[in-house]
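All remarks here apply to the structure that follows.
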Amino acid sequence: MNSCSNCGRELGSQAKFCGACGTPVGEPQDEPVAVEPVSPRPKQTVPKPTAAVVVAAAVVAVAAAGVTTFALTRNTDSTQPDTAQVDITQPSATAPVTVLTTATQPPTSTEITTTETTPSLQVTEADLRRQTTQDSTVAESLVGQWVPQLSSKQPGLVVGGTTYDYPAIMADFQSLRSRFPEAIMVNSSDFKTFSRKGFWVTLEAKVFPDADAANAWCDEQNFAREDCHASRLTHSGGPAGNSKGR
């Protein structure tokens, strides 16, 4: 007779299972496996973080917080237009400001001296004689040649309502010289050409081949007939043949 290998109860010869514990008959039971006791693992000691590690972790945490805040801010303001912000630092009200200034001197004025064209009322005969002396070299170079005579004035002469004196004679000469820069002054007493002495004569120092050519020049300059005519300076002979009217 068989017995249950599990509980030891006697079983019939045809029994397939143990009626007490239900163990199949004929199937050997696994022998219990001896398990060696496992010794507990030694506890690992976690090293304390150093100061450098703590600081690094703090920096990482702050950076992460900043990124998160920036992302939230960008998401919040995404519906608003971007605005450039400029920080303007105002100077401290109590800070003194020193301003350096350079005194600028006014430009030095340049005095320009001009020759007075209007004769002074103090013009005398000596001034007219001084003018003829200055022009004497040119006058001598014209002796024996035909030139235009532009004016002939003497103190006390009345022409066109003007009574000429020394200042008026000088003014007349300077007016003609402003138009004709080659004009010179001579005194009729210094040449045989003129019949009347003591006249201050203005000549254009432009030489012409004959009297007619000199008179033609007077026409071209629109002089009145009595104001301009051909004249030839000479130290010999007399007035005859040395002047020709227009």
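Residue numbers 1 to 246, in UniProt numbering, belong to the letters of the sequence shown in order. Virtual Cβ for every residue (Gly too), placed ideally from N, Cα, C.
Per-residue DSSP class, three states only, for residue i
| i | result |
| --- | --- |
| Gln29 | The predicted position of Gln29 is uncertain, since its pLDDT is 48 and thus under 50; no value can be drawn from it. |
| Asn215 | helix |
| Thr202 | strand |
| Pro107 | For Pro107, the predicted structure reports a pLDDT of 48, less than 50, and the residue's modelled location is therefore unreliable. A value from the coordinates is still provided. In this structure, Pro107 counts as coil in the three-state DSSP scheme. |
| Val123 | coil |
| Thr133 | helix |
| Phe17 | strand |
| Gln80 | With a pLDDT of 47 at Gln80, under the threshold of 50, the predicted position of this residue should be treated as unreliable, though the coordinate-derived value follows. It is coil, neither helix nor strand. |
| Ala168 | helix |
| Glu10 | strand |
| Val158 | strand |
| Ser175 | helix |
| Ser141 | helix |
| Asn222 | coil |
For residue i, the nearest candidate out of the options (CA to CA)
| i | options | result |
| --- | --- | --- |
| Ala211 | Thr23, Leu128, Lys192, Trp146 | Trp146 |
| Asp127 | Val138, Gly161, Met170 | Met170 |
| Lys192 | Phe223, Val143, Gln221, Glu10 | Val143 |
| Thr137 | Ala205, Arg196, Leu176 | Ala205 |
| Glu140 | Glu10, Ser13, Thr234 | Thr234 |
| Asn222 | Ser5, Thr23, Pro148, Ser13 | Pro148 |
| Asn6 | Ser231, Ser13, Phe17 | Phe17 |
| Phe194 | Glu182, Ser243, Glu10 | Ser243 |
| Ala224 | Pro181, Ser189, Gly160, Ser178 | Gly160 |
Residue i vs residue j beta-carbon contact at 7 Å
| i | j | result |
| --- | --- | --- |
| Thr132 | Asn187 | yes |
| Val123 | Pro167 | yes |
| Gly241 | His229 | no |
| Asp135 | Met185 | yes |
Residues sharing a beta bridge with residue i, DSSP
| i | result |
| --- | --- |
| Gln149 | Leu203, His229 |
| Thr23 | Thr23 is not bridged to any residue. |
| Asn187 | Trp200 |
| Lys244 | Ala230 |
| Thr163 | Val158 |
| Ser3 | Glu10 |
| Phe208 | Trp146 |
| said: Measuring CB atoms only, is the segment 150-164 touching the segment 196-206, in the sense that at least three cross pairs come out at less than 8 Å? | reply: Cβ pair count under 8 Å is three or more, so yes.
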